[in-house]
Amino acid sequence: MSDEITSISGLGPASAQGFARAGITTAQQLRALGAHEAYRAWLAAGNYAHFISYYALHMALQGRPWNDCRGAEKAKLRKSFDTLCAEVKAALPPTDKGRTRLDAALDEIGLREKR
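Structural data, given as structure tokens:
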């Protein structure tokens with residue numbers, strides 16, 4: 522059995538690349554962290570926050586299709602996602618709040634106007 526992140530049904534190469542940026546390179550590491558903490562690492566690494574990817578990760582780690590998330594379960598995950606995003610944003614240095622890794626890199630090399 523492969524230990525690649527893509528061996529988890531519902532997670533493809535883009536997910537694997539994002540998690541690699543967060544230092545998570547195996548399915549075992551991802552499962553050990555759990556969906557919520559793995560997504561915290563995903564965000565802290567500068568990856569884009571998207572609710573569907575958050576709940577799809579939860580579903581994938583439960584062996585369920587991404588679109589199986591509905592109703593009260595989805596509403597509960599939405600609250601968890603919003604709280605997580607706020608926590609990660611609050612932990613960023615003041616100059617990085619709300620910026621993606623790309624935004625920060627472009628600002629650093631002077632390719633964007635200062636905000």
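Note that my numbering has the sequence shown beginning at 522, numbered continuously upward.
C-beta atoms are modelled at their ideal positions from N, C-alpha and C, and glycine is treated no differently.
Computed from a prediction, not measured in an experiment: that's the story for all the values here.
Where the alpha helix (DSSP H) containing residue i begins and where it ends
| i | result |
| --- | --- |
| residue 586 | Per DSSP, residue 586 belongs to no alpha helix (DSSP H) and is neither H nor E. |
| residue 567 | Note, residue 567: premise wrong, no alpha helix (DSSP H); not H, not E. |
| residue 543 | That residue, residue 543, is in no alpha helix (DSSP H); it is neither H nor E in DSSP. |
Alpha-carbon to alpha-carbon, residue j and residue i
| i | j | result |
| --- | --- | --- |
| residue 569 | residue 559 | 14 Å |
| residue 551 | residue 596 | 23 Å |
| residue 556 | residue 614 | 25 Å |
| residue 535 | residue 600 | 25 Å |
| residue 541 | residue 604 | 23 Å |
| residue 628 | residue 612 | 20 Å |
| residue 584 | residue 572 | 18 Å |
| residue 586 | residue 567 | 26 Å |
| residue 565 | residue 538 | 14 Å |
| residue 533 | residue 590 | 19 Å |
Residue from the options with nearest C-alpha to residue i
| i | options | result |
| --- | --- | --- |
| residue 639 | 582, 554 and 564 | Residue 639 lies beyond the residue range present for the chain, which begins at 522 and ends at 636; the question has no answer from this structure. |
| residue 594 | 580, 626 and 532 | 580 |
CB-CB length for residue i against residue j, believed under 8 Å
| i | j | result |
| --- | --- | --- |
| residue 543 | residue 563 | 5 Å |
| residue 548 | residue 526 | 5 Å |
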